[in-house]
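Student: Let me begin by handing over the structure; questions about it come next.
Residue numbers (the working numbering): -4 to 141.
As structure tokens, this is what we get:
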């Protein structure tokens, strides 16, 4: 019976980790509101549970490299995609290795920001905490206004 439990637990971990593998490329979703699941926050979503306040840039000359430098100081963050005005950072959880996508686009003097879990239903507020942490790092780097 113990072996059956061990095998079941191993199968579950492997299955869950396979669902959150890295994605080489995905569509830019920064301008889209979140879906109905509570595992996403966005500057473009007006619903209180999903809404992030605006990230107003200090300068219109801000480039994506400065934003990337601040974003990469987030826990277990790595760059997945980068263009002249768009950045997708993959943030991996320490224990189960779930991958969340943090998307950032420079747009008309502000940053469009979206942070969403790839798997599961609820994220227990992790994406909001990440977005709030990013905001503080960008303020400290004098990239966005307080």
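Even for Gly, the Cβ is constructed at its ideal location relative to N, Cα and C.
Report the partner residues of residue 108 according to the DSSP bridge assignment.
Tutor: In DSSP, residue 108 forms a bridge with 99.
Student: So, with DSSP's three-state summary, where would you put residue 37?
Tutor: Residue 37: strand per DSSP, three-state reduction.
Student: Using DSSP with H/G/I as helix, E/B as strand and the rest coil, what is residue 4?
Tutor: The predicted model places residue 4 with a pLDDT of 45, which falls under 50 and marks its position as unreliable, so this point remains unresolved.
Student: Applying the 10 Å Cβ sphere with the 16-neighbour rule, what's the burial state of residue 106?
Tutor: Flag for residue 106 reads buried.
Student: Just mark residue 3 as buried or exposed, buried being the case when its beta carbon has 16 or more other beta carbons within 10 Å.
Tutor: Because residue 3 carries a pLDDT of 47, less than 50, the predicted location of this residue cannot be relied on, and the following value inherits that uncertainty. By the neighbour-count rule (16 or more Cβ atoms within 10 Å), residue 3 is not buried but exposed.
Student: Can you list, in chain order, the residues of its chain with a C-beta nearer than 8 angstroms to that of residue 80? Leave out the 5 residues immediately preceding and following it.
Tutor: Contacts found: 59, 100, 101, 102.
Student: Helix, strand or coil: how does DSSP classify residue 16 here?
Tutor: Note that residue 16 scores a pLDDT of 48, beneath 50, so its modelled location is shaky; the value from the coordinates is reported in the next line. Three-state DSSP puts residue 16 in coil, outside helix and strand.
Student: As a quick exercise: from 28, 50, 43, 37, pick the residue whose alpha carbon is nearest that of residue 139.
Tutor: Answer by Cα proximity: 50.
Student: So, using beta-carbon positions, are residue 82 and residue 62 closer together than 8 angstroms?
Tutor: Cβ distance < 8 angstroms, so residue 82 and residue 62 count as in contact.
Student: Restricting to Cα atoms, I'd like to know which of 42, 48, 122 is closest to residue 72.
Tutor: When only C-alpha atoms are compared, the closest one is 122.
Student: Note down, in chain order, each residue of its chain lying with its Cβ closer than 8 angstroms to the Cβ of residue 39, except the 5 sequence neighbours on either side.
Tutor: So the qualifying residues of the chain are 25, 26, 27, 28, 107, 109.
Student: Short of 8 angstroms in beta carbon distance, which residues of its chain neighbour residue 16, apart from the five on each side in sequence? Order them along the chain.
Tutor: At residue 16, the pLDDT of 48 sits below 50, so the modelled position is not reliable and the matter cannot be decided from this model.
Student: To which residues does DSSP link residue 72 through a beta bridge?
Tutor: Residue 72 pairs with 86.
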